[in-house]
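K.L.:
Numbering (full-length UniProt numbering), first residue to last: 1 to 438. Glycine residues also receive a C-beta, built at the ideal position from the N, C-alpha and C atoms. Computed from a predicted structure; not experimentally measured.
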Ligand SMILES: Cc1cc2nc3c(=O)[nH]c(=O)nc-3n(C[C@H](O)[C@H](O)[C@H](O)COP(=O)(O)OP(=O)(O)OC[C@H]3O[C@@H](n4cnc5c(N)ncnc54)[C@H](O)[C@@H]3O)c2cc1C
């Protein structure tokens, strides 16, 4: 289905498209946009009807999960399974998956808007991370998987029966992904996995893992990008050779992060995605998309923090006037707003380039745009969250005002999936033509 047809579907509110359930038609067609009666800070001019429709529908779902839900789940380290189920129920986990397998067939521009709307609703990174891998890590599977893999896996991920996680990072190689050591050794009827992954989000609740492992040892390949393979594996806790341990962490505590240990863990041959030893090329396909999603998640958190801060600064009276009347309070917030708006333009520009897959935009330009967007959005979000805490004074440190949670969580887009330093390295080398530094 073409994008034009999708727009028509959006406007017509066709019931067969799950993403549009519950969207009042008056909201679908209008240009200006508001997710609730509360004033929204973000300027929404320029977004497409599809993006605004996504935003409205996701906002309606998120409204059922108030800040207290996220506070409690964060404090009790409790999986937000009701939230995951609510999004799955209306088909949202398939937003960027093919229509032929039950997805909505929309692009990263719309998926980014969905992730931004989730964090902005107050769900923060916890809400986003509860579904992130299902939306993004399934992209290589959708593009390179066999018909059988797609038919058995994708519908179950979209309808929420299975959750998935993404297993790339390793404790001893970190950002030097190409040096990863987890080995998938060929057996008579499949592969035997041995190695360790770290920081794997949602591994405790996932049934599937999209796993990057070595099928040819590093010493035997010419280039370190060779010899890696991508798998979609079952996480079967009853099977020998699989163990996982939760990592205690600073923020987003509702979602688990884990060390995952494989010790001769057996997987079938048909778990392989695409060709053996081509895993890095396959995974590259999705990396720019993930940068866009993370940028959107960061933006949402930043806007949420700024909304809370500006409301507090209007209402809190000290020395006989609202604290926001002091330029020392107002200007840092105004500055943070402009940073978010600029990062928003960079983010949706990058997503648009990514979605424009007619070959007219060089891969290099897409990479530069997506990395820049992730960097700018993460930095803008950090600035907004830090200033939101400071604008609240002592109450910024109190759980009930949420901004302390946002500040804890906004560090994630600065670190993952690629750190700010590595993006600066990338731009220095690829755009400024400096000597490679790593
Ligand atoms: C909350 C959270 C969730 C995550 N979820 C997942 C997940 O689901 N799946 C997954 O696979 N991974 C996940 N990650 C891992 C994440 O992608 C990595 O933490 C990230 O890529 C950084 O790798 P590292 O921690 O090994 O840092 P390291 O590689 O150890 O780097 C440490 C620091 O050194 C800097 N550095 C290193 N080399 C250079 C250099 N050459 N030049 C300049 N600076 C350099 C880095 O920028 C960084 O600041 C998650 C991480 C977090 C925190």
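Count the other CB atoms, across all protein chains shown, that sit within 10 Å of the CB of residue 189; report buried if there are 16 or more and exposed otherwise.
P.N.:
With fewer than 16 other Cβ atoms within 10 Å, it is exposed.
K.L.:
Ignore the nearest five residues each way along the sequence and tell me which others in residue 119's own chain have a CB closer than 7 Å to its CB.
P.N.:
Result list for residue 119: 125, 127, 128, 297, 300, 301 and 304, in chain order.
K.L.:
Can you grab the Cα-Cα spacing for the pair residue 262 / residue 221, in whole Å?
P.N.:
Approximately 23 Å, taken between the alpha carbons.
K.L.:
Among 384, 310, 171 and 139, which residue has its Cα nearest to the Cα of residue 165?
P.N.:
Ranking the options by Cα distance to residue 165, first place goes to 139.
K.L.:
Compare the Cα-Cα distances from residue 313 to each of 388, 257 and 354 and report the closest residue.
P.N.:
Nearest option by C-alpha distance: 388.
K.L.:
Run the CB neighbour count on residue 413, radius 10 Å, all protein chains shown included, and call it buried at 16 or more, exposed below.
P.N.:
Label assigned to residue 413: buried.
K.L.:
Assuming residue 230 and residue 279 are in contact, meaning their beta carbons sit under 8 Å apart, how far apart are those beta carbons, in whole angstroms?
P.N.:
With a Cβ gap of about 4 Å, residue 230 and residue 279 count as contacting.
K.L.:
Pick helix, strand or coil for residue 335, following the three-state DSSP scheme.
P.N.:
Looking at residue 335 - three-state DSSP - the assignment turns out to be helix.
K.L.:
With three or more beta-carbon pairs closer than 8 Å as the criterion, would you say the region 348-367 touches the region 384-401?
P.N.:
No, the region 348-367 does not touch the region 384-401.
K.L.:
Leaving out five residues before and five after residue 265 in sequence, what residues of the same chain have Cβ atoms less than 6 Å from its Cβ?
P.N.:
Within the same chain, residue 265 has close Cβ partners 193, 241 and 242.
K.L.:
Is any heavy atom of ligand 1 found at a distance shorter than 7 Å from the C-beta of residue 422?
P.N.:
Yes.
K.L.:
Nearest-angstrom Cα distance between residue 232 and residue 425?
P.N.:
Roughly 31 Å separates the two Cα atoms.
K.L.:
Report the rounded CA-to-CA distance for residue 336 versus residue 419, giving the unit in angstroms.
P.N.:
Going from the Cα of residue 336 to the Cα of residue 419 covers about 21 Å.
K.L.:
Let me know the secondary structure DSSP gives residue 181 once reduced to three states.
P.N.:
Correct three-state label for residue 181: coil.
K.L.:
Assuming residue 260 is part of the beta strand (DSSP E), what are its boundary residues?
P.N.:
From DSSP, the beta strand (DSSP E) with residue 260 extends over 257-268.
K.L.:
Determine the direct distance from the alpha carbon of residue 328 to that of residue 320, and round the result to whole angstroms.
P.N.:
Straight-line Cα distance between these residues: approximately 16 Å.
K.L.:
Quick check: residue 182 and residue 213, are their CB atoms within less than 8 Å of each other?
P.N.:
A contact, by the Cβ cut-off of 8 Å.
K.L.:
Which residues mark the beginning and the end of the alpha helix (DSSP H) in which residue 70 is found?
P.N.:
Residues 67-75.
K.L.:
For residue 397, which residues of its own chain have a beta-carbon under 8 Å away from its beta-carbon, when the five flanking residues on both sides are left out?
P.N.:
Cβ within range, chain order: 389 and 404.
K.L.:
Helix, strand or coil for residue 36, going by three-state DSSP, please let me know.
P.N.:
Only weak support exists for where residue 36 lies, its pLDDT of 43 falling under 50; the value from the coordinates is given anyway. Correct three-state label for residue 36: coil.
K.L.:
For ligand 3, is there a heavy atom less than 7 Å away from the beta-carbon of residue 200?
P.N.:
Absent from the structure shown: ligand 3. Ligands present: ligand 1.
K.L.:
Run through the region 121-178 for me and flag every whole beta strand (DSSP E) of 3 or more residues, listed as ranges in chain order.
P.N.:
Listed in chain order, the complete beta strand (DSSP E) runs (minimum 3 residues) inside the region 121-178 are 164-167.
K.L.:
In whole angstroms, what separates the C-alpha of residue 43 from that of residue 141?
P.N.:
Approximately 35 Å between the Cα atoms of the pair.
K.L.:
From this set, 431, 179 and 105, which residue's C-alpha is nearest residue 215's C-alpha?
P.N.:
Of the listed residues, the one whose Cα sits closest to residue 215 is 179.
K.L.:
Looking at the secondary structure, which residues open and close the beta strand (DSSP E) in which residue 213 lies?
P.N.:
Element bounds for residue 213: 208-214.
K.L.:
Looking at residue 333 and residue 310, is the spacing between their C-beta atoms short of 8 Å?
P.N.:
Yes, Cβ-Cβ distance for residue 310 and residue 333 is below 8 Å.
K.L.:
Give me, in chain order, the residues of the same chain whose beta-carbon lies closer than 8 Å to that of residue 399; leave out the 5 immediate sequence neighbours on both sides.
P.N.:
These residues qualify, in order along the chain: 71, 75 and 405.
K.L.:
Can you tell me whether residue 58 is buried or exposed, with buried defined as 16 or more other CB within 10 angstroms of its CB?
P.N.:
The residue in question, residue 58, is buried, as its Cβ has 16 or more Cβ neighbours within 10 Å.
K.L.:
Taking Cβ to Cβ, would you say residue 209 is nearer than 8 Å to residue 408?
P.N.:
No, the pair does not count as a contact, with Cβ atoms beyond the cut-off.
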